[in-house]
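Student: Would you mind keeping the following structure in view while I ask a few things?
Residue numbers (UniProt numbering): 1 to 180.
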């Protein structure tokens, strides 16, 4: 097995196990793209190498690799409809809280993002049920660098504590927790 095949395999493993938690893998390329390239490129490169002297047989693998690269680049920049999001950074700048309500959904999910560039982590922090007007999200603010306060439209105050790295120490929810 070549070094290239090992590298592609390792990238596939990282994207599968860390795709939802690391900014680089989650945001730069969609998960399906990693596996698509991991399976297509080595096969196409081998077919191209085997048929190097015959232009008619070496063109289809080259076309497949080129098409995969263009499709993957397009998927990186063309996104589905964006959900409504509200974000707030902690005073220390270590963590950013992001509240997201999906397109056509009444349930909102609260996630905490660790601000470390390509090595950023993402943690689930809670869910708010928007079907009940009193349980719907109103706003959020950091009361200290490790304490996030989320308020609902009914006046409920939900407090999330974080450790120094930004990982939530507790989760919050209103109504039925349908997010997870």
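C-beta atoms are modelled at their ideal positions from N, C-alpha and C, and glycine is treated no differently.
The model shown is predicted, which means the values in this text are computed figures rather than measured ones.
1. Work out the CA separation of residue 153 and residue 133 for me, nearest whole Å.
2. Using CA coordinates, which residue listed in 93, 67 and 173 is at the minimum distance from residue 164?
3. Over the uninterrupted beta strand (DSSP E) stretch that includes residue 161, give me the two end residues.
4. Per DSSP, what kind of secondary structure is residue 125 in: helix, strand or coil?
5. Give a yes or no on contact between the region 62 to 72 and the region 117 to 133, applying the rule of three or more CB pairs nearer than 8 angstroms.
6. Along the chain, where does the beta strand (DSSP E) that runs through residue 114 open and close?
7. Residue 114 and residue 166 look like a contact to me (Cβ under 8 angstroms); what is the Cβ gap, rounded to whole Å?
8. With DSSP as the reference, please indicate the residues paired to residue 148 in a beta bridge.
9. What number of angstroms, rounded off, separates the C-alpha of residue 110 from the C-alpha of residue 139?
10. Which residue's Cα is closest to the Cα of residue 181: 131, 148 and 68?
11. Identify whether residue 165 lies in helix, strand or coil by the three-state DSSP scheme.
12. Hey, could you find the ends of the beta strand (DSSP E) residue 88 is sitting in?
13. Can you tell me which residues form a DSSP beta bridge with residue 9?
14. What's the call for residue 60, buried or exposed, on a 16-neighbour Cβ count within 10 Å?
15. Could you tell me whether the Cβ atoms of residue 105 and residue 98 are closer together than 8 angstroms?
16. By a C-beta neighbour count over all protein chains shown, 10 Å radius and 16 as the cutoff for buried, is residue 129 buried or exposed?
Tutor: By the coordinates alone:
1. The straight-line gap separating the alpha-carbon atoms of residue 133 and residue 153 is approximately 7 angstroms.
2. The residue from 93, 67 and 173 with its alpha-carbon nearest to that of residue 164 is 93.
3. Start and end: 157 to 161.
4. Residue 125: strand per DSSP, three-state reduction.
5. The region 62 to 72 is not in contact with the region 117 to 133.
6. Where residue 114 is concerned, the enclosing beta strand (DSSP E) stretches over 107 to 114.
7. With 8 angstroms as the limit, residue 114 and residue 166 qualify as a contact, their Cβ atoms being about 4 angstroms apart.
8. 142 and 160.
9. Straight-line Cα distance between these residues: approximately 12 angstroms.
10. Residue 181 lies beyond the residue range present for the chain, which begins at 1 and ends at 180; the question has no answer from this structure.
11. Here residue 165 sits in coil by DSSP.
12. Element bounds for residue 88: 84 to 89.
13. For residue 9, which the question treats as bridged, DSSP gives no partner whatsoever.
14. That one is exposed.
15. Result no, Cβ atoms of residue 105 and residue 98 do not sit closer than 8 angstroms.
16. Around the beta-carbon of residue 129, 16 or more other beta-carbon atoms lie within 10 Å, marking it buried.
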